[in-house]
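> Here the numbering used here is used: the first residue of the sequence shown is 26, the next is one more, and so on. This structure is in structure tokens; I'll ask about it shortly.
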Amino acid sequence: MAKNTGEHRQFRIDSMISNFFILLLIPLLAILGFKYFAYQAPPEVSFEVLGDKHMANAMLKFRNNTAGDNTYEWNFGDSTALVHEKSPIHTYAEYGDYTVTLIVNDRYELQESIHIEKIKDDEPVVVIPRIAGPKQVYVGASAVFTCSAQGGSSWEWQVDGSSQMNSKRKSVKYTFTKPGYKTISLVVDGNREFTAQKKIYVRVKPTEKHNITSAKKSDGEIEKDYIPETPEVYQVFKEIEKEMVKDESLPTDGELTVMLQRIAEGVGDKEKFLKYFYESNKNLMARCNGDLMTFEAIIKDVEGKNILIKEFSTERRNSTNIINVTIRYKKKRGSKND
26 MAKNTGEHRQ FRIDSMISNF FILLLIPLLA ILGFKYFAYQ APPEVSFEVL
76 GDKHMANAML KFRNNTAGDN TYEWNFGDST ALVHEKSPIH TYAEYGDYTV
126 TLIVNDRYEL QESIHIEKIK DDEPVVVIPR IAGPKQVYVG ASAVFTCSAQ
176 GGSSWEWQVD GSSQMNSKRK SVKYTFTKPG YKTISLVVDG NREFTAQKKI
226 YVRVKPTEKH NITSAKKSDG EIEKDYIPET PEVYQVFKEI EKEMVKDESL
276 PTDGELTVML QRIAEGVGDK EKFLKYFYES NKNLMARCNG DLMTFEAIIK
326 DVEGKNILIK EFSTERRNST NIINVTIRYK KKRGSKND
């Protein structure tokens with residue numbers, strides 16, 4: 026009769042095998058965790074073509090409504106070069122049907138079809154003006170500004186509401202004698218429904234800038250972007266505010282820039298600033314630093330902050346109707362709420 030010892034065999038995993046699986050599991054968990062936290066929802070790609078009529082040899086504005094800070098690639102379907110601007114302007118040389126492709130961040134794609142009509146012999150061509158020129162210039166230096174739009178037979182140039190105009194040449198040269206923000210306006214063929222505006226900044230010469238700031242700058246002080254505060258510029262700001270009280274028409278982009286800057290400094294009139302936009306277009310919002318924002322939200326974001334406004338541009342149907350607003354600004358050190 027066999028002897029029962031009462032002993033039971035136990036199943037055991039070798040320590041080398043268990044360590045191998047643990048070492049294999051750690052990098053897998055790390056990869057999964059990285060992908061989980063690094064995942065970002067894809068942007069909603071969207072754009073529209075402004076204008077009621079799309080005709081050959083007419084400039085078309087492609088407004089990009091994709092939110093966020095992205096990269097863009099436009100293919101207009103007519104064998105022209107790819108464009109990497111956010112909201113470009115394009116002209117089709119021939120009428121017909123085209124497929125417009127927008128690729129965002131090199132992977133998210135949207136295609137839309139567009140029909141370009143043939144221009145009738147008795148129908149005038151509307152030229153949407155564009156201004157090409159420097160964004161900054163020194164006091165006493167000359168700057169050349171050119172209408173980059175195709176077509177047109179007359180050009181009217183104006184600087185900050187002055188009477189200095191030129192209705193014959195496509196390019197014009199200006200010499201600026203005072204520092205500060207200046208707005209260049211252009212009307213083509215007398216069509217004031219589409220008025221192009223370009224805001225530039227006239228700077229003091231570097232040698233003069235050094236003489237003004239060196240006496241004020243203390244050791245260890247952080248150098249900020251230089252904004253001249255001469256009596257002439259201050260007087261210009263005061264005159265702009267007086268004109269806006271008397272004149273019911275919309276202020277220029279330069280005047281709106283001054284108003285937003287003064288709101289950030291805590292001395293501007295917020296209600297007056299909002300009135301110009303909401304009386305013009307009740308549903309209007311601004312494309313601000315790449316995001317679509319209400320003007321109340323913009324005021325809340327800049328109020329009490331030390332900001333540098335890089336762009337403040339508007340698209341207008343006429344003198345009383347703003348249809349699109351683009352604002353870019355940078356918050357600098359030294360904000361009141363920091």
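Ideal placement from N, C-alpha and C gives every residue a C-beta, glycine not left out.
1. In this structure, what does DSSP give as the bridge partners for Glu328?
2. Which residue wins for smallest C-alpha separation from Ala118, given the options Arg341, Ala83, Ser167?
3. If you drop the 5 nearest sequence neighbours on each side, which residues of the same chain put their C-beta closer than 6 Å to that of Ala289?
4. So, for Ala166: in the same chain, excluding its five sequence neighbours on each side, which residues have a beta-carbon less than 8 Å away from its beta-carbon?
5. So, helix, strand or coil for Lys355, using DSSP?
6. State the start and end residues of the unbroken alpha helix (DSSP H) segment that holds Met318.
7. Could you please give me the residues that DSSP links to Asn100 through a beta bridge?
8. Since Tyr199 is in the alpha helix (DSSP H), which residue starts that stretch and which ends it?
9. Between the alpha carbons of Asn95 and Val129, how many angstroms are there, rounded?
10. Assign Ile153 to buried or exposed, taking buried as 16 or more other Cβ atoms, counted over all protein chains shown, within 10 Å of its Cβ.
11. Exposed or buried, Met41, counting other C-beta atoms within 10 Å across all chains shown (16 or more means buried)?
12. Apart from the five residues on each side of it in sequence, which residues of its chain come closer than 6 Å, Cβ to Cβ, to Phe219?
13. Does the segment 340 to 357 come into contact with the segment 290 to 298, if we say contact requires no fewer than three beta-carbon pairs (one atom in each stretch) closer than 8 Å?
14. Between which two residues does the alpha helix (DSSP H) carrying Tyr303 extend?
15. Taking only three categories from DSSP, how would you classify Arg217?
16. Could you tell me if Val169 is buried or exposed, where buried requires 16 or more neighbouring beta carbons within 10 angstroms of its beta carbon?
17. Note the first and the last residue of the continuous alpha helix (DSSP H) segment covering Ala289.
18. Let me know if Ser43 comes out buried or exposed under the rule of 16 or more other beta-carbons within 10 Å of its beta-carbon.
19. Hey, quick one: how far does the beta strand (DSSP E) through His140 stretch, first residue to last?
From the atom records:
1. As a first step, residue 328 must be located in the sequence shown, where it is residue number 303. According to the DSSP secondary-structure assignment, Glu328 is paired through a beta bridge with no residue.
2. One-based indexing of the sequence shown puts residue 118 at position 93. The closest CA to that of Ala118, considering only Arg341, Ala83, Ser167, is found on Ala83.
3. Taking the first residue of the sequence shown as position 1, residue 289 is located at position 264. Taken in chain order, the residues that qualify are Val327, Lys330, Ile332.
4. Within the sequence shown, numbered from 1, the residue matching residue 166 stands at position 141. Only Thr200, Phe201 meet the Cβ criterion.
5. Reading the sequence shown from its first residue, position 330 is the one you call residue 355. For Lys355, the three-state secondary structure derived from DSSP is strand.
6. As a position in the sequence shown, residue 318 is number 293, starting the count at 1. It is not in any alpha helix (DSSP H) - Met318 instead sits in the beta strand (DSSP E) that spans 316 to 318.
7. If you number the sequence shown from 1, residue 100 lands on position 75. Assignment of beta-bridge partners to Asn100 by DSSP yields Thr126.
8. Translated into the one-based positions of the sequence shown, residue 199 becomes position 174. Not the alpha helix (DSSP H): Tyr199 falls in the beta strand (DSSP E), residues 196 to 200.
9. Translated into the one-based positions of the sequence shown, residue 95 becomes position 70. Translated into the one-based positions of the sequence shown, residue 129 becomes position 104. If you take the alpha carbons of Asn95 and Val129, they lie about 7 Å apart.
10. Walking along the sequence shown from the start, residue 153 turns up at place 128. Buried, since its Cβ has 16 or more Cβ neighbours within 10 Å.
11. Mapped onto the sequence shown, residue 41 falls at position 16. Flag for Met41 reads exposed.
12. Locating residue 219 in the sequence shown gives position 194, where the first residue counts as 1. Counting only Cβ-Cβ distances below 6 Å, and skipping sequence neighbours, we find Ile153.
13. Too few Cβ pairs lie closer than 8 Å, so no.
14. Sequence index remark: in the sequence shown, residue 303 carries index 278 (1-based). Residues 295 to 303.
15. Residue numbering aside, residue 217 sits at position 192 when the sequence shown is read from its first letter. In the structure shown, Arg217 falls within a coil segment according to DSSP collapsed to helix, strand and coil.
16. As a first step, residue 169 must be located in the sequence shown, where it is residue number 144. Under this definition Val169 is an exposed residue.
17. As a position in the sequence shown, residue 289 is number 264, starting the count at 1. It spans 278 to 289 - the alpha helix (DSSP H) in which Ala289 sits, taken as one unbroken run.
18. Position 18 of the sequence shown, counted from the first residue, corresponds to residue 43. Counting Cβ neighbours within 10 Å, Ser43 comes out exposed, since fewer than 16 surround it.
19. Numbered from 1 along the sequence shown, position 115 holds the residue referred to as residue 140. Boundaries of the beta strand (DSSP E) around His140: 133 to 141.
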